[in-house]
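Protein sequences, first through last, are from chains Y and L.
Residue 86 in the working numbering sits at position 86 of the first sequence; the count goes up by one each step and never skips.
Going from the second sequence to the working numbering is simple: count from 1 and add 197.
Report on the following structure.
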Amino acid sequence: MASLLDKRDDEREEGEINTAGLADISFLLLIFFLITTTFDTDTGIGMTLPPPLPENQQPPPVKDRNMLKVLINARGQVLIEEEASSMEDISREVKTHVLNRGKNPEYSQTPDDALVSIKTDRSTSYKMYINALDEVKATYNEIYNKHAKEQGFESYQAYKESLGPDEDDMIREKIPLNISIAEPSSRGGGGEGGSSS
Amino acid sequence: MAADSGHFEKKSADTGDQGIPTSSLPDIIFMLLIFFMVSTVMRETNVKVKTSLPQAESLEKIEQKRLISYIYIGPKKQNVKGSGQTGVQVDDALIQDVSNVQGIMQRQIEEEPRLIVSFKVDQQAESGILRDVEQQLRDANALRINYASNQENQGG
């Protein structure tokens, strides 16, 4: 009996897991993850909504001259400060409005106070709304870029990257991006937002 | 000559079982595998509304994909009940009533206070519905939002 067991042990080679298939298995997994991985980052227009107002409280008053009113109706027609205009005019108007610095009584007192209000009809298409918002944001970016260049940076992006974690973005502090979004007959006068980043 | 050839023969006989060593291949593959496993964000979303995104120029990138919660607004797809009507979908589920958004978002913001809500809205959708959803988000204190849009083609 004992001899039989001994013989068996002798015949057996050293036990080893066959690893030849391991590479194949991991290749399979690798291919699966390669296919399911998407590296596209989400892009979009970032905004920050204003916090909800307490009950029965009115939104803070804004002087009429500090607010540039942009209205878009259901057909996509644009009205800037009660004057019929077009999407292309938004950029120019916003620039004069923000950088007015109290010169023209029709426009804002300081860039800090300047506010752009985008009002849309309920049935205005989302595309028109995004177009208008994009125009305003692009104009602000242009202003920021100009200021950054005056300080010797290549662009506003480069200026932002040069800031330390505790340093404040001075350009943005001086010219904050204030956009008010509302619909003509909404409750509480609608929202007010600024860009998030 | 004979000695030489004999020498050669011996050499080739020694290295006769030549091949690329594959013992470290699994390790390399595993490394790649782990990289892709880590960088993959698995998200099963079944979008039940049609959204063709608008185009814009001044875009920002959201790097932290894990913080994003999506809201889709657009006409319902063909196979969904009541197709053609504008539907609102939060992450994975169609919302029957817009006023439910507040509750959903409140729960999400408790889990992740840095939540970013990304709006994927159809170009032709009416902005009135978007306003309603935004009001819900304000009430839920989910204030960081993003209007998803594609890069505008420079050529026009």
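Ideal Cβ placement from N, Cα and C applies to all residues, glycine included.
- Around Y/A138, the beta-carbon contacts reaching into chain L at under 9 angstroms are A253, E254, S255.
- According to DSSP, L/I259 shares a beta bridge with Y/D42.
- A direct Cα-to-Cα measurement between L/T219 and L/K273 gives close to 53 angstroms.
- In the three-state DSSP reduction, Y/Y107 falls in the coil class, being neither helix nor strand.
- Taking C-beta atoms under 8 angstroms as the contact rule, Y/D134 and Y/N73 fail to qualify, at a distance of about 18 angstroms.
- A direct Cα-to-Cα measurement between L/N343 and L/A322 gives close to 16 angstroms.
- Runs of the alpha helix (DSSP H) spanning 4 or more residues and lying entirely within the stretch 101-152 of chain Y occur at 126-150, in chain order.
- Distances from the CA of L/Q282 to each of L/K247, L/L334, L/I217, L/N338 were compared; the closest alpha carbon is that of L/K247.
- Here DSSP, grouped into helix, strand and coil, assigns L/G284 to strand.
- For Y/I17, no alpha helix (DSSP H) encloses it, and the DSSP letter there is neither H nor E.
- Residues of the stretch 305-318 of chain L with a Cβ closer than 7 angstroms to any Cβ of chain Y, in chain order: S315, V318.
- In the same chain as Y/Y144, and ignoring 5 residues on each side of it, the C-beta atoms closer than 6 angstroms to its own belong to Y156, I171, in chain order.
- With a 10 Å radius around the Cβ and a threshold of 16 neighbouring Cβ atoms, L/R335 comes out buried.
- For L/M302, the nearest beta carbon of chain Y is not closer than 8 angstroms to its own beta carbon.
- Short of 7 angstroms from the beta carbon of L/S346, and not among the five residues preceding or following it, lie these beta carbons of its own chain, in chain order: L250, P251, Q252, A253, L256.
- When DSSP states are grouped into helix, strand and coil, Y/K160 belongs to the helix group.
- Membership of Y/P54 in any beta strand (DSSP E) is not indicated, and neither H nor E is assigned to it by DSSP.
- DSSP places L/P223 inside the alpha helix (DSSP H), whose first and last residues are 222-236.
- The beta-carbon separation of Y/V98 and Y/S86, rounded to 19 angstroms, does not stay under the 8 angstroms limit for a contact.
- In this structure, the straight-line span from the alpha carbon of L/S236 to that of Y/S26 is close to 17 angstroms.
- Not flagged as an interface residue toward chain Y: L/N297, since no C-beta distance is shorter than 8 angstroms.
- Leaving aside the five residues that flank L/I301 on each side, the residues in its chain whose CB is nearer than 6 angstroms to its CB run, in chain order, V287.
- Taking a contact to require three or more Cβ pairs closer than 8 angstroms, the stretch 257-270 of chain L and the stretch 39-55 of chain Y qualify as touching.
- In the structure shown, Y/R172 falls within a helical segment according to DSSP collapsed to helix, strand and coil.
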